[in-house]
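Residues in the sequence shown are numbered from 22 upward in steps of one, following the numbering used here.
The C-beta atom is built at its ideal place from N, Cα and C for all residues, glycine as well.
Structure first, then comments.
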Amino acid sequence: MALSIGDLGKAILETEYAVRGPIVARAVELERSGREIIYCNIGNPQALEQKPLSWVRRVLALCEYPELSRLAPGAFAADVVEAVAKILAGTKHGLGAYSESKGVRAIREAVANFIKERDGIDADPDAIFLTDGASKGVQAALRLLLAKPSDGIMVPIPQYPLYSASITLYEGKQVNYYLDEQNDWKLSRKILEESLADAKHFGVSVKAIVVINPGNPTGSVLDEDNIAMIVDFASEHGLTILADEVYQENVYRAGDRFTSFAKVMHNKGEENVSLFSFHST
22 MALSIGDLGK AILETEYAVR GPIVARAVEL ERSGREIIYC NIGNPQALEQ KPLSWVRRVL
82 ALCEYPELSR LAPGAFAADV VEAVAKILAG TKHGLGAYSE SKGVRAIREA VANFIKERDG
142 IDADPDAIFL TDGASKGVQA ALRLLLAKPS DGIMVPIPQY PLYSASITLY EGKQVNYYLD
202 EQNDWKLSRK ILEESLADAK HFGVSVKAIV VINPGNPTGS VLDEDNIAMI VDFASEHGLT
262 ILADEVYQEN VYRAGDRFTS FAKVMHNKGE ENVSLFSFHS T
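Spelled out as structure tokens, the structure:
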């Protein structure tokens, strides 16, 4: 018997990922018919002719094919050659072999050093996981947290639809909380408490709260006081924090400064809240 749409799982059929949803599909149809389409559904700068970061590409090329430095002497800058040497020295069999499940330890150690420089915190490389994009890390954390259909995750509105799509896919409950537009899209303790209470009223066991900082799509940057309030809220209600900090380098407005959840929790001496922090390079 041929497989049909009706044979697919209910969660798959109900999962919606708006940035690649029906509007985008219709745009593709129109483009194929000859219409000119400007896609604003997703950040895709190279589609708008932004030049790629050549340094990253050169490091990747040389990691994949180390012989290039011998075959094309002088083609790679000294800092590229140095970076590649460090990466390859940390891998026993080159990039073609399987690594530890958490990722190449030398790279995780480099991430730990980055956190040390950024926050002044001694990060443990064994608590760092490398994934193929931040989205895979987010999805892995959600899979860990959503054990039952009644388990819920608090998600900001507006949000990046990865969260709503993944929570549906993993058969959990999305618990919306609204960002305070009149207060620069910060989080309101009153709104958080109301959202949590409503979820509990409907039998949802809330496991975690997602915070996107800097905001996607709002672009707002949370200050330390707002982050500290969120940490206190999570601590009082036994919630895990999922801190989406992917855009921490994209801070442009005068007076804004990114501060990580890890740094605020460290400074508060908070040890009773579990934190998943996501970054992308």
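In the structure shown, Lys113 falls within a coil segment according to DSSP collapsed to helix, strand and coil. Under the 10 Å beta carbon count, Glu266 is surrounded by 16 or more other beta carbons and is classified as buried. When Ser226, Val132, Val231 are compared, the shortest CA-CA separation from Ala168 is found for Ser226. Secondary structure of Asn65 (DSSP, three-state): coil. Distances from the alpha-carbon of Arg139 to those of Leu296, Asp205, Met286, Thr280 put Thr280 closest. A distance below 7 Å separates the beta carbons of Ala229 and Thr261. With contacts defined as CB atoms closer than 7 Å, Arg78 and Val101 fail to qualify as a contacting pair.
Taking 7 Å as the cut-off, the Cβ atoms of Phe282 and Ala255 do not count as close.
Remark: C-beta atoms of Lys207 and Asp201 approach each other more closely than 7 Å.
In the three-state reduction of the DSSP assignment, Ala98 falls in the coil class. In the DSSP annotation of this structure, Ser209 is not part of any beta strand (DSSP E), being labelled neither H nor E.
Distance from Tyr199 to Ile212 at the Cβ level is roughly 6 Å; contact confirmed, criterion being Cβ atoms closer than 8 Å. Note on the stretch 169-239: whole alpha helix (DSSP H) runs with a minimum of 4 residues are 183-190, 210-222, in chain order. The alpha-carbon separation between Arg47 and Lys284 amounts to approximately 44 Å.
Note that the C-beta distance between Ala162 and Val196 is not below 7 Å.
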